[in-house]
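Chemist: Have a look at this one.
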Amino acid sequence: MEKDPSPENPKNEIEFKDGVPVSLLFDDVYFSKQGGYEESNYVFLEGNQIPSKLIQSPQSVFCIGELGFGSGLNVFVTLNTWMSLTNPASLAFYSLEGYPLQREILLTLNASYPGKRLWFEDLIFSYESAIKLWHQNPDKNSWKYTWTHPTNGNSFTLQVFFGDVGLCLPQFPKIHSWYLDGFSPGKNPDMWSSNTLKEIQKKSEPGTSFATFSSAGFLRRNLKELGFVVEKKKGFGRKREMITGYLESNAKTK
Ligand SMILES: C[S@@+](CC[C@H](N)C(=O)[O-])C[C@H]1O[C@@H](n2cnc3c(N)ncnc32)[C@H](O)[C@@H]1O
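The UniProt record's numbering numbers the first residue of the sequence shown as 1 and each following residue consecutively.
Given below as structure tokens:
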């Protein structure tokens, strides 16, 4: 199957394995059924220390950048954490997606994690409308949705850009924490390429953190070369390692 993250590409075929969507294009799963919600929390939120950053944030709006929106699981885990904090900063969550999933597939997330606040009708409808617009006009390549915090009235704004990572990442603003969540590097090289990592560095500030499930040697080396401090951590569950880190204060960003 040809990889072509454009509005004309209908070929993101999905198969199910134990109720979890698997991309036939990339031969990889979107999330793991056993502990996927906890894994997202461990790797991305704890890996970036998101809860404490949201409480102590010196920024009026804390910005998270994600590579790979997929089923939206990481967004929902972040949103539910943000909702549970007493007085969090406003949050802007930027993500990108070249191969948006269909409603029936998105809804399997709700079936996998009953009792969690995930996709609801208005949200899916709004996502589908934005994708339709992108199909009609490739320049209209983003979807935005906002939630309000129940106690302090701050906002959580999600913006997903549609298209290839090379096209979408330059549209991100400066980011304070990254969730690097492409499919595994061997199967999805574009999401981990040196161009992608350079763009991530450009969109970072000194102190900007990142976390990812992968601990591939080339990734650690390339991030270090770009001025990131890279730390190995114990991976989730039976996974041996993952990495986290931050951009050093003397790293040159544009
Ligand atoms: C592991 S999945 C992301 C899982 C997601 N974070 C979640 O919570 O469900 C990786 C995602 O990256 C997207 N992707 C892969 N290559 C891409 C590319 N070159 N440009 C844009 N998106 C891409 C895939 O379509 C897929 O949705």
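Cβ coordinates follow ideal geometry from the N, Cα and C atoms, glycine included.
1) How many whole angstroms separate the CB atoms of Y246 and S209, which I take to be in contact at a CB cut-off of 8 Å?
2) For S95, which option in E13, D4, G166 has the closest C-alpha, if you only look at C-alpha atoms?
3) Apart from the five residues just before and just after P185, which ones in its own chain have a Cβ nearer than 7 Å to its Cβ?
4) According to the neighbour-count rule (16 or more other Cβ atoms, all chains shown, within 10 Å of its Cβ), is T50 buried or exposed?
5) Is it buried or exposed, P7, if we count other Cβ atoms within 10 angstroms and call 16 or more buried?
6) Any heavy atom of ligand 1 closer than 7 Å to the CB of M191?
7) Is V20 near ligand 1, in the sense that its beta carbon is under 7 Å from a heavy atom of that ligand?
8) How big is the Cα-Cα spacing for K33 and V20?
9) I'd like the span of the beta strand (DSSP E) that includes W119, first residue to last.
10) Helix, strand or coil, according to DSSP, for E13 in the structure here?
Modeler: Taking the geometry as given:
1) 4 Å
2) G166
3) Excluding sequence neighbours, P185 sits near W192, S214, A216, L219.
4) One detail in the question is off: residue 50 reads as Ile in this sequence, not Thr. Buried, by the Cβ-count rule.
5) buried
6) yes
7) Not so, every heavy atom of ligand 1 lies at least 7 Å from the Cβ.
8) 6 Å
9) Neither: W119 is in no beta strand (DSSP E) and is coded neither H nor E.
10) DSSP, reduced to helix, strand and coil, places E13 outside both helices and strands of the structure shown, so it counts as coil.
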